[in-house]
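Residue numbers (our numbering): 163 to 833.
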C-alpha cells in the first residue's frame, strides 16, 4: 500500500523542525559564551588602561616629587602640598577617585581623601598582599570596590580600578615607595555596556545568519538523504536497466496474489518468459544493443499486461508475469500467446531491425501450486519444456517435472561429487554388424554415491541439465574419457570413444574450443573422439550448432546424431551438417520384429543415412534375431545388451581380448 502523497513532505518538515530546534540551543549557548567573553575582555581592557594611566602618572607627576631616598614615616609639608596640587583637580573632576602614597612598609603617607588609617593590606615589606607585591616592584591592578580594604567580607562602595604602582625616583630610579591609585570604573562600564549592546546586536545577527545557514544546509541535506533513501528503496525492488520490478518484488507480488487467491478462490497465473537466442544479440551486436532490445521489450510487456497484473525482470533475458483473474487455461494460453507475438515484432536497434522470440511457461494457482517457490519452479519447468519443444507457450505438467525433493538434494551433492571424484565412466562396446569387430565404445557416466550406492544417469542427468551443472559434468566426462584412452594404450588400439553432448553444452559459444583444448591437452587423435548429439540439441539453436560442429569436423572430431527419429530435425538441415553417423533410437529397434511401422522406420533411416553418406548405429540390440534383421537391412553398427553391458574401464581390455578370441574361434570353425 502506498503512503499518502503528503506524508513524505510532512516527514521531511518534521525532521527539519527537530533539527532546527536542536541546533538553536548550541547556537544560543555559543552566543552567551561569546558575550561573556567580550564582557570579561572589556573589563580586563579597563584594568589594563588603568595600569597604563597609573604608570604615566607615577613617572611624570609623582616620582619627580621625591629624591632617591626611601620614604619614611611621613612626608614633608612641601611634598604633601605638591601632591595636593597635582591630585586635587583630577579628584575634583572625577578622573581620579583616590590617590595615596605609601612607603615600602605599606603605611599611608598621603591620601587625597585624607584617610591615612591603617588597612588590612598594610604591613611590612614582606606582606603577601597587593601592597607587598608592589613593595617588591610588581605593578598590581584589579577591579574592586572602594571600601574593600576596610570591609573585605561585604564591600559596598563604588566600583573602581585599583592600582598599586612602584614609585621609582632619583638618578638610579630606585624604588622609594608605592603609588596607590583608584580610577573610576563607571566610564569603563558605560563603554562596556554600549559595546555590549552593539555586540549583542551584531552577535545576534551573525549567529542568526549562522543558524539560518545551518538550517538551510540541514534542510537541503535532509531532502537529499530522503531522496537517496527513496532511491535506494526503489532500486532494492526494481531493475536498474528496465525499471521493472525485480525478482524480490516479483516474489512479493506473487505472494500477495496467491494469498488473496487462497482466501477468495480467484485464480492467479504465474509465467516465466525467456528470450530465445538473446545471447547472440549480445555476442554479435554488443551489450549496449542487447540492453536497448531488453528495454524496448520490457516496455512492450509493461504497457500490455494491464492494471493489477505485474511484469518483472527476473534477471538476464528472463521476465516474470503475475496475471490476476486471467480466466481459464485457454484464456491464459491465449493471453501469453499474444504477448509472445508482441515480443516477436521487430525492434529497430542502432538502425538494425531485430526480432526476438520467447519461450513461455506458466503455472496456475491453486491448481499447480499455492506458494511462491512452487509456482515459480513449475513455471520455470514449463518454460524449459517450451524451449526444448519449440512449443512457444506451455503450461506446467507434472510429467515433465524432473524436480523433487530427493533430486533437488542431489544438486549440491553432484557439484561436490565432481570435485571429489565420486563419478566413474562405464564403457559399452559398439560392434560392426557384418564382422562383429568392436569399432568404438560409448562412455556412460555413473555416480558412486556414498549413501545411495551406484546411481545411473537418469537419476541425476535431468536435474544437471536443468540447473546448468551439465557443463561441469560434460567437461569431466570428456577429460576422463580422453585420459582413459591414453591409459588403455595398445589394449584398445584404434577404438573411438563416444561421449554424449547435451543441448546446453552445444549452446555454449565456446563449446568447440573447449573440446579442442581437451583434445590438445590429452594428446589423443581427434578421430578417436565421437560426439553423440541429440536432435533436440541441434534444433535448439541450429545456427550455433552448425558452426560448432563444422569447426570440430574440420579438426577431425566425428559427429553422431543420437536417438534419431524422436526429434524434429528437418532432412534439409540434416544434409548441411558434417555428420558421420546416425544412431537409431532404441525404441524403434527393440520391437522392430513385432511392429511393422517401427521396422519401416528402421529401414528408412538406414537407407536415408547411406544415401547421405552416414554410417548407421542401432542401439537396443538385445537378441540374435534383431541383429540378423539389422544385418539384412544393411545396418553398419550394433550396440546393446546382446553384445555387452556397460563395464568399468579396467574390465574393457580383458573383455576385448575374450571377444576377439571368441570371434577368431568362430571364424575358424566356419572355415
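For glycine and all other residues, C-beta sits at the position ideal for the given N, C-alpha and C.
Residue 513 has its alpha-carbon roughly 53 Å from the corresponding atom of residue 648. In the structure shown, residue 191 adopts helical secondary structure according to DSSP, grouped into three states. In the DSSP assignment, residue 588 falls within the unbroken beta strand (DSSP E) covering 585-594. Taking a contact as a CB-CB distance under 8 Å, the pair residue 721 and residue 695 counts as one, their CB atoms being some 7 Å apart. Cβ neighbours of residue 523 within its own chain (closer than 6 Å, five residues either side excluded): 434, 541, 544, 545, 548, 556. DSSP, read as helix, strand or coil, puts residue 406 in coil. In the pairwise beta carbon analysis, the stretch 230-242 is classified as touching the stretch 254-273: at least three pairs are separated by under 8 Å.
The C-beta distance from residue 654 to residue 605 rounds to 12 Å, too long to fall under 8 Å, and the pair is not in contact. When DSSP reads this structure, residue 663 sits in a beta bridge with 695. Annotated as proximal: residue 216 and residue 325, with beta-carbon spacing under 9 Å.
Annotation for residue 214: no residue places its beta carbon closer than 8 Å to its own, counting only its chain and skipping 5 residues before and after.
Contact annotation: residue 692 and residue 641 have beta-carbon atoms that are not nearer than 9 Å.
When the beta-carbon positions are compared, residue 437 and residue 479 come within less than 9 Å of each other.
Only residues of its own chain outside the window of five on either side were considered, and among them 740 have a CB closer than 7 Å to the CB of residue 712, listed in chain order.
Along the stretch 372-437, the alpha helix (DSSP H) occurs as fully enclosed runs of 4 or more residues at 409-426, listed in sequence order.
For residue 804, the closest C-alpha among the options 418, 714, 786, 752 is that of 786.
Residues 760, 761, 764 of the same chain have their beta carbon placed closer than 6 Å to that of residue 754, with the five preceding and five following residues left out of the count. Secondary structure note for residue 324: its beta strand (DSSP E) is the uninterrupted segment 321-331.
Between the C-alpha atoms of residue 601 and residue 778 there is a straight-line separation of about 13 Å. Annotation for residue 667: 632, 633, 636, 673, 699 place their beta carbon closer than 8 Å to its own, counting only its chain and skipping 5 residues before and after. Around the beta-carbon of residue 426, fewer than 16 other beta-carbon atoms lie within 10 Å, marking it exposed.
A straight line joining the alpha-carbon of residue 439 with that of residue 701 spans about 12 Å. Residue 229 sits away from residue 297, with the two beta carbons spaced by 9 Å or more. When DSSP states are grouped into helix, strand and coil, residue 807 belongs to the coil group. When rounded, the separation of the alpha-carbon atoms in residue 385 and residue 188 is 23 Å. Here the C-alpha atom of residue 610 lies approximately 16 Å from the C-alpha atom of residue 626. Residue 482 is positioned such that its CB atom lies closer than 9 Å to that of residue 409. Listed in chain order, the beta strand (DSSP E) runs fully inside the stretch 463-549 are 472-477, 480-486, 509-511, 514-516, 519-527, counting runs of at least 3 residues. Residue 195 counts as exposed, since fewer than 16 other beta carbons sit within 10 angstroms of its beta carbon. In this structure the stretch 531-541 does not lie against the stretch 576-587, because fewer than three pairs of beta carbons, one per stretch, are closer than 8 Å. Secondary structure of residue 673 (DSSP, three-state): helix. Within the same chain, and ignoring the five residues on either side of residue 663 in sequence, the residues whose Cβ sits closer than 6 Å to its Cβ are 693, 695. Between residue 752 and the set 801, 488, 518, the nearest pair of CA atoms involves 801. For the beta strand (DSSP E) assignment, the stretch 747-777 encloses no uninterrupted run of at least 3 residues.
Closest in alpha carbon position to residue 704, among 521, 378, 738, 243, is 738. DSSP places residue 239 outside any beta strand (DSSP E); the residue lies instead in the alpha helix (DSSP H), whose first and last residues are 239-254.
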